[in-house]
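In full-length UniProt numbering, the protein residues as written are 1 to 232. Even glycine gets a Cβ: it sits at the ideal position worked out from N, Cα and C. What you are looking at is a predicted structure, and each value in this text was computed from that prediction instead of being measured.
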């Protein structure tokens, strides 16, 4: 069987959830997965389902410390070797219904839940300062993509999915190289570094961000906001 056919079959298993024997639960959303697949990627998940833990009895792993879209990308990688960088996140139905009852619109609900999830991203790994920094990043295309990759790096690091961590670092490196002309992205690099330090323990990522900052130091020194930060 060719690798292409094998990948296609795994993708179909991911989409259908058929014969699933494990569930990832994240803020009311369920992701049906297969132990044989996910345990091969994550020694942390493997230990949880094989040991004398609640997960081994319930066949469910709670991932409420992360955003559903981040868990979705983790699952995508485990089945396909890659993850979607552009999918839009929609708040869970339960959250939307609660907001509607309180008179909150759908767009505002999405923004509120994203902010709430940022405060818990990475569980105890995320400090309050890193949460505030990530919320302060402008929503430019390049910066938003950088933020999403950092979140995926965080969940990969947390569950010991080394190949996913390496993939995110490669994507971040390519993004930063292609975004050198994006002044907003360059200006956000110091903030991204400080925020990433509170979200993930991956040193390679910190090295990638630090190298990008060093390569753009002349541009950073020309930015008013950077000079103001140095003086404050």
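Review point. Candidates 63, 203 and 162: which alpha carbon is nearest residue 43's?
Key: The option with the nearest alpha carbon to residue 43 is 162.
Point to revise | Where residue 29 sits in the DSSP three-state scheme | key: Residue state, collapsed to three classes: strand.
Check your understanding: Given a threshold of 16 other Cβ atoms within 10 Å of its Cβ, counted over all protein chains shown, does residue 222 qualify as buried or as exposed?
Key -> By the neighbour-count rule (16 or more Cβ atoms within 10 Å), residue 222 is not buried but exposed.
**Study point:** Whole-Å CB distance - residue 10 paired with residue 80, under 8 Å assumed
**Key:** The distance from the Cβ of residue 10 to that of residue 80 is about 7 Å, consistent with a contact at the 8 Å cut-off.
Practice item. Just grab the DSSP bridge partners of residue 61 for me. Key: Paired residue(s): 24.
Point to revise | Three or more C-beta pairs below 8 Å linking the segment 47-56 and the segment 165-173 | key: With a cut-off of 8 Å, the segment 165-173 and the segment 47-56 do not count as touching, because too few Cβ pairs lie within range.
Review point. Which residues in the same chain have their Cβ closer than 6 Å to the Cβ of residue 173, if we skip the five residues on either side of it in sequence?
Key: Contacts found: 208.
**Study point:** Buried or exposed by the 16-neighbour rule on C-beta atoms within 10 Å, applied to residue 203
**Key:** In the assembly as shown, residue 203 is an exposed residue. Its beta-carbon has fewer than 16 other beta-carbons within 10 Å.
Review point. When the Cα of residue 76 is compared with those of 190, 198, 37 and 160, which residue comes out closest?
Key: The candidate whose alpha carbon is nearest that of residue 76 is 37.
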